[in-house]
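Residue numbers (our numbering), protein chains in the order written: chain A, 1 to 513; chain B, 514 to 847.
Glycine included, every Cβ here is placed at the ideal spot set by N, Cα and C.
Fair warning: this is a prediction, and the values are worked out from it, not measured in the lab.
Let me begin by presenting the structure, written as C-alpha cells, before commenting on it.
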Amino acid sequence: MKIGEVIAGSVKEGLQVKLQLEDPEALRIGYPVIVEGKQYDFYCMVDDIVNQEMDIAERLAGAEFRDAIIPGGGTHEGYGGPIFYSKAILKPIQLIAKESGDLSEPQTIPPYFAEARHAAKQDVDVIYEVTDTSVPLGTIRGIEPYFVHVDFATLVEKPFAIYGRTGAGKSILNKLVCLAILAKDVGSVLVFDMVGEYGVYSRADDTKGLKYYFPEKVEIFSLDPKNREAHPFILDPREIEPEDLIVALQDLSPSMVDTIYAVHQHKGDRDLITAIQQATVEQLGETLVHEMSLNALKRRVHRITRLPFLREGKDAFPQMMGLIRQGKSVVLDFGEFGGETSTYLFVANVLAHRLYDQYTEKSEDRRLIVFLEEAHKFLDPEVARFTKFAQLARETRKFKLILALVDQRPTRIDSEIRSQLANRLILSLKEQTDIQSALVGVQDVSMWEKIVGTIPVRTVAVIGDAIRVPTVIDVMKYDDEHVKEHVLGRIQRTANEMTGISEKARKIFDSST
Amino acid sequence: MSVRDEMRDAVNLMVRFRDAKTEPEALDIRPIRAAETPVDLVAVDGSYTFLYNLGSMWLAVARAAAIPYALGEDGFHPRPPVVVDRAIVVSVWEEVVQRQSELHRKLFEATSHRDEQHKEMVNEFRKHLEGELALKVAQEHKGVVVALDGSLMSIPKELDHLEDVVAACETNGNVLVGVSKDSMLHAFGRSLPDEQYLAAVNGMGYVRAPKAFEEQKRDILYGDVYFARLHPQAPKWFRADVGTFRDDPDFVFSQLAAHSKSGLSLGYPFALIEAHRLAVLIRQHREFLEDEILKECARLGMTVGEVAAGLTQMEGRRHGAFHEYLDRVARDLK
Chain A
1 MKIGEVIAGS
11 VKEGLQVKLQ
21 LEDPEALRIG
31 YPVIVEGKQY
41 DFYCMVDDIV
51 NQEMDIAERL
61 AGAEFRDAII
71 PGGGTHEGYG
81 GPIFYSKAIL
91 KPIQLIAKES
101 GDLSEPQTIP
111 PYFAEARHAA
121 KQDVDVIYEV
131 TDTSVPLGTI
141 RGIEPYFVHV
151 DFATLVEKPF
161 AIYGRTGAGK
171 SILNKLVCLA
181 ILAKDVGSVL
191 VFDMVGEYGV
201 YSRADDTKGL
211 KYYFPEKVEI
221 FSLDPKNREA
231 HPFILDPREI
241 EPEDLIVALQ
251 DLSPSMVDTI
261 YAVHQHKGDR
271 DLITAIQQAT
281 VEQLGETLVH
291 EMSLNALKRR
301 VHRITRLPFL
311 REGKDAFPQM
321 MGLIRQGKSV
331 VLDFGEFGGE
341 TSTYLFVANV
351 LAHRLYDQYT
361 EKSEDRRLIV
371 FLEEAHKFLD
381 PEVARFTKFA
391 QLARETRKFK
401 LILALVDQRP
411 TRIDSEIRSQ
421 LANRLILSLK
431 EQTDIQSALV
441 GVQDVSMWEK
451 IVGTIPVRTV
461 AVIGDAIRVP
471 TVIDVMKYDD
481 EHVKEHVLGR
491 IQRTANEMTG
501 ISEKARKIFD
511 SST
Chain B
514 MSVRDEMRDA
524 VNLMVRFRDA
534 KTEPEALDIR
544 PIRAAETPVD
554 LVAVDGSYTF
564 LYNLGSMWLA
574 VARAAAIPYA
584 LGEDGFHPRP
594 PVVVDRAIVV
604 SVWEEVVQRQ
614 SELHRKLFEA
624 TSHRDEQHKE
634 MVNEFRKHLE
644 GELALKVAQE
654 HKGVVVALDG
664 SLMSIPKELD
674 HLEDVVAACE
684 TNGNVLVGVS
694 KDSMLHAFGR
704 SLPDEQYLAA
714 VNGMGYVRAP
724 KAFEEQKRDI
734 LYGDVYFARL
744 HPQAPKWFRA
754 DVGTFRDDPD
764 FVFSQLAAHS
774 KSGLSLGYPF
784 ALIEAHRLAV
794 LIRQHREFLE
804 DEILKECARL
814 GMTVGEVAAG
824 LTQMEGRRHG
834 AFHEYLDRVA
844 RDLK
C-alpha cells in the first residue's frame with residue numbers, strides 16, 4: 001500500500017516522505033518501508049514521523065466550528081494529497097536491484113516523488129535469508145506476521161549481548177535464543193539460572209524451560225543439596241583462585257586484596273579459603289599484611305565458607321565438561337542461593353576461570369555459549385581486570401567459548417568488551433547513557449537511539465552479522481504453539497508427537513488384545 | 514490652509530459620508546440550507562507571471578486550472594485536475610502588434626486605454642485561457658456546479674467564452690457561478706461597499722443586487738448578481754453571480770453552501786481555494802522557466818548582460834530596475 005512520496009533526501013540524512021496516510025498513527029518508528037526507485041527498491045526503516053509546523057494549523061487550533069467539515073488529514077484532500085499531512089523520515093538500509101534482486105549498501109537516493117509503500121512479504125523475503133541454521137525470534141514490526149530469521153550459527157561465532165531494562169522481556173528472549181541454539185545444534189549453552197527459569201518449568205511464571213523442550217539435551221546441576229532431581233554441584237575449594245574471591249566479595253578494600261595475594265603465595269598445599277582462615281600476621285609478616293585487613297578479610301570470606309556446595313568431593317566441573325563434549329547443555333540452578341549476588345559472582349567466576357583454561361589449553365571441540373546475566377557485575381571497568389569474563393569476551397572466540405552478555409545496564413560494562421560484540425539484541429532501554437552504550441559503533445546511531453528509546457517491551461532491535469539488516473522484531477509469544485512451530489521446527493514436533501501417538505496406539509492395541 | 518487642516522476636514526467629510534442617512538432599500542435576504550447530498554463542484558481559476566522583457570515586448574506564461582471535487586460525509590475529495598499552461602509575448606508597440614496574431618491584436622485593442630497595458634494584456638489572456646478551460650469543463654461534465662473565480666462579467670466580450678460557457682452549462686444541466694473573492698461594488702447604493710454594508714447582517718443567506726444595478730451591466734453580465742453568506746461563521750459576504758438555474762437560486766446557493774463548509778474557508782468554496790493554489794503554482798516554476806529562456810537566449814548569441822537585464826519579476830518589472838533601488842533605499846532609511 002502506498003504511503004507517500006519522496007520530497008527530499010540525502011544519502012547521509014535519509015529520505016523525507018510526504019505521507020498520504022489519513023492517520024500518522026498507522027506508521028511507527030522502526031517499520032520497514034520500500035521506496036520504489038528507478039533501478040532499485042530502497043529498503044528503509046522509519047526513523048521519525050513528523051507533523052510539521054503550519055501557520056494554518058496554528059490559526060485553526062482551538063477554533064469552534066458549527067456544522068462544518070473540520071480540517072484534518074482525511075477530510076481535506078488537495079491536488080497534491082491531504083492538506084494536513086505528516087512526514088516520515090526514512091533511513092535506507094539496503095538497496096535491492098530491481099532486475100537481479102542483488103542487495104547492496106545504500107549509496108544513492110531515489111528521485112523526487114518516488115513512491116513509498118509498506119514493505120510486503122515478497123520484499124522482506126529478499127532481505128532476510130532463511131538458512132539451515134536460522135530461526136525466527138519473532139515478527140517484523142509493520143508487516144505482521146512475517147517471521148524474521150536470525151542465523152544462529154553466525155550469532156554464536158562471536159560474543160553477543162542481550163540488553164534490556166527490567167521488565168523488557170530479557171528472560172523470554174534469552175530462553176528463545178537458548179532454544180534456537182539447541183534446536184539448530186550450533187553449540188551447547190551454559191546458563192546460570194538464578195531464579196529457576198530455565199530448567200523444566202520456570203519457578204517464576206511456570207513457563208516451560210529448556211529441559212522441557214530438550215529433555216535429552218539439557219542437564220541440570222543444582223547448588224541446592226535439597227534438589228534431588230538435578231546433578232549435585234560440588235566445587236572443590238582447591239580450585240579457588242584469588243580473583244574468584246575478589247569478584248565474589250566486591251566490597252574488598254585494596255589492602256584486603258593485597259592480603260589475599262599474600263596468603264595465596266604462602267598457602268602451600270592448602271586451599272585458599274582454608275589458608276585465609278588460618279593465616280596470621282606473624283606467618284605472613286607485617287610488611288605484607290595488616291591485622292585489621294586480615295581480620296576483615298576473614299569475616300568476608302566466611303560468607304563463602306558457609307556455602308554447602310564448597311567442599312572436597314567429586315567436583316562437578318569435569319562432569320559438566322563431559323556432558324558438554326557429548327553435545328549437552330547445562331543449566332546451573334542456584335536454588336535457594338539465587339538471591340545471593342556474591343554466590344552467583346563467585347560460582348560464575350570460578351567456572352569462567354576453569355572454562356577459560358579448559359578451552360584455551362585443551363582445545364575443546366564443542367562450542368559452548370555461556371550466558372552471563374547481570375554481566376556488568378563481572379565486566380564493570382572496576383572489576384573486569386579480576387575476572388576471566390573480560391578475557392573470555394576478548395580472546396576465546398577462536399577457542400569456541402563464546403560469551404553472551406545479558407544486562408540492563410550496558411553503560412556499566414567495560415567499553416572494550418562492548419566493542420568485541422558482533423551482535424546486539426537490544427530490548428527497550430530508558431536511560432540515555434545505556435542506550436548510547438548499547439549502540440556504540442552502530443551505523444545510523446541517532447535513528448537507533450530513537451528506536452531503542454521508544455520501542456515497547458518484548459520488542460527487540462537486532463543489530464549485527466547474524467541478521468542481513470538491522471531489524472526491529474516483535475519477540476514471539478513464548479508458548480508451546482509458537483516455540484514448536486517456529487523454533488523447534490516441524491521435524492522436532494513431528495518426532496515428539498509421533499512418540500506420543502505411538503504410545504497411545506500401543507495402549508489401545510494392548511487393551512484390545 | 515495647512516496639511517493638518519486639510520486632513521481634519523477630510524476625516525470629517527469621510528465620517529459624514531459614512532453616516533449619510535439615505536433611505537435604505539429593504540433587503541430581501543433569503544435563507545440558505547446547505548444541500549445534504551451535494552453534487553460535484555468543478556472550480557476554475559487562473560494565474561500568470563511575467564518572465565522576460567525585451568524593449569516593448571514582454572514574455573509571460575499563464576495558467577488555467579480546473580479541479581473537480583466530490584464532497585462526502587468524510588470530506589473533500591478531488592478528482593484529477595486539468596492544467597493548461599501557455600506562453601505569450603505581448604507588446605505595447607503597435608508595429609509589433611500588427612505583425613502578431615488576431616488574438617494579440619484583440620488583446621491590444623481591448624486594453625489600449627488602460628495603464629500598464631502589458632499587464633492588462635496578459636491578464637486578459639489569462640481570462641481567455643480560463644474561459645477556454647471553463648468551456649471544456651462545462652462541455653465535459655453533467656449535473657455539476659461549475660464555479661469560476663470572479664464575476665461573470667466580460668470585458669471585452671469577444672475575448673472570453675462566457676456566452677458559450679453559459680450555453681454549455683445549460684445544455685448539460687450544470688450550475689454556473691462566479692464567486693468574487695473581493696468586491697468593491699456599491700450596487701446597494703450605499704457609501705460603504707456592498708460587502709462591508711452587509712457585514713452587519715448576521716446569519717446565513719443570500720440577497721440579490723438591485724435590478725437597476727444589473728440593468729446597467731446587462732451588456733457585459735452573464736447572469737444575476739447576488740451577495741451571499743454561505744456559512745453562519747463565514748467572515749464575510751461574497752459576491753456570487755449565477756449564470757444558470759437563475760430561476761432557482763435556492764438550489765444554487767444550497768449547493769454552494771455545502772461546498773463552503775470547510776473549516777479552512779468557512780463560507781467560501783474549498784474547491785476554489787485549491788484551484789487557486791494550483792493556478793499560482795506557475796509562479797513557483799519561474800526558475801525552471803527562466804532556465805529555458807537563458808538557454809535559448811544563449812543559443813541566439815545574446816550577451817549575458819543583455820539576457821540578465823531582461824529577466825523580470827512576476828509583475829513584469831525588470832530585476833534591478835531603478836525603482837527597485839529606490840525601494841531599497843526607502844526601506845533602509847526607515
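Neighbouring residues, chain A, relative to residue i (Cβ below 8 Å)
i, result
"H744 (chain B)", "D67, A68"
"G559 (chain B)", "The premise fails here: G559 (chain B) is roughly 15 Å from chain A at the closest Cβ pair, so nothing lies under 8 Å."
"D587 (chain B)", "G74, T75"
Under 7 Å from the C-beta of residue i: neighbouring residues of chain A
i, result
"I580 (chain B)", "Y79"
"H590 (chain B)", "E77"
Under 8 Å between C-beta atoms of residue i and residue j
i, j, result
"G588 (chain B)", "I69 (chain A)", "yes"
"A770 (chain B)", "Y582 (chain B)", "no"
"A438 (chain A)", "G464 (chain A)", "no"
"V135 (chain A)", "A97 (chain A)", "no"
"G37 (chain A)", "P106 (chain A)", "no"
"K749 (chain B)", "E809 (chain B)", "no"
"F192 (chain A)", "M320 (chain A)", "no"
"V186 (chain A)", "L90 (chain A)", "no"
"V126 (chain A)", "Y146 (chain A)", "no"
"E828 (chain B)", "F563 (chain B)", "yes"
"I580 (chain B)", "A788 (chain B)", "yes"
"P215 (chain A)", "P225 (chain A)", "no"
"H869 (chain B)", "L584 (chain B)", "Residue 869 (chain B) lies beyond the residue range present for chain B, which begins at 514 and ends at 847; the question has no answer from this structure."
Expected contact under 8 Å - CB spacing of residue i and residue j to nearest Å
i, j, result
"I733 (chain B)", "M666 (chain B)", "5 Å"
"V301 (chain A)", "I273 (chain A)", "6 Å"
"E364 (chain A)", "K388 (chain A)", "The pair is not a contact, with the Cβ atoms about 15 Å apart (cut-off 8 Å)."
Cα-Cα separation between residue i and residue j, rounded to whole angstroms
i, j, result
"E608 (chain B)", "L572 (chain B)", "17 Å"
"Q94 (chain A)", "P71 (chain A)", "38 Å"
"R141 (chain A)", "R458 (chain A)", "12 Å"
"G489 (chain A)", "I473 (chain A)", "19 Å"
"E77 (chain A)", "K121 (chain A)", "30 Å"
"L392 (chain A)", "E229 (chain A)", "31 Å"
"F42 (chain A)", "G30 (chain A)", "15 Å"
"I491 (chain A)", "S188 (chain A)", "With a pLDDT of 48 at I491 (chain A), under the threshold of 50, the modelled position of this residue cannot be trusted; read the value that follows with caution. Spanning the two alpha carbons is a distance of roughly 20 Å."
"D269 (chain A)", "E241 (chain A)", "13 Å"
"G14 (chain A)", "G81 (chain A)", "22 Å"
"K362 (chain A)", "F346 (chain A)", "24 Å"
"R493 (chain A)", "G73 (chain A)", "Residue placement at R493 (chain A) is flagged as unreliable, the pLDDT there being 45, under the threshold of 50; the coordinate-derived value follows with that caveat. Spanning the two alpha carbons is a distance of roughly 49 Å."
"H376 (chain A)", "D414 (chain A)", "8 Å"
"Y735 (chain B)", "T684 (chain B)", "16 Å"
"F751 (chain B)", "T454 (chain A)", "50 Å"
"F764 (chain B)", "I545 (chain B)", "9 Å"
"R790 (chain B)", "V557 (chain B)", "11 Å"
"V650 (chain B)", "D598 (chain B)", "16 Å"
"H486 (chain A)", "D315 (chain A)", "38 Å"
"F801 (chain B)", "T825 (chain B)", "14 Å"
"G4 (chain A)", "A575 (chain B)", "30 Å"
"S293 (chain A)", "M256 (chain A)", "5 Å"
"Q290 (chain A)", "E239 (chain A)", "Reading off the sequence, residue 290 (chain A) comes out as His, not Gln. One C-alpha to the other measures close to 26 Å."
Contact list for residue i against chain B, beta-carbon separation under 7 Å
i, result
"P111 (chain A)", "Correct list: empty, because the minimum Cβ distance to chain B is about 16 Å."
Proximal chain A residues relative to residue i, where beta-carbon distance stays under 9 Å
i, result
"R594 (chain B)", "As written in the sequence, residue 594 (chain B) is Pro, which differs from the Arg given in the question. Within chain A, the residues near P594 (chain B) are Y79."
8 Å Cβ cut-off: residues of chain B touching residue i
i, result
"L60 (chain A)", "G776, L777"
"P71 (chain A)", "S775, G776, L777"
Cβ-heavy atom distance, residue i to the ligand FAD, below 7 Å
i, result
"Y43 (chain A)", "Annotation note on the ligand FAD: not contained in the displayed structure, which lists no ligands."
Proximity test, Cβ basis, 8 Å: residue i and chain E
i, result
"K314 (chain A)", "Given the protein chain composition of this structure (A and B), no chain E is represented."
Task: Under 8 Å (Cβ pairs) to chain A, residues found in the segment 777-790 of chain B - done: Here the close residues are L777, L779, F783, E787, R790.
Task: Cβ-based contacts, 8 Å cut-off: residues of the segment 35-59 of chain A near chain B - done: Under the 8 Å Cβ criterion, the segment 35-59 of chain A contributes I56.
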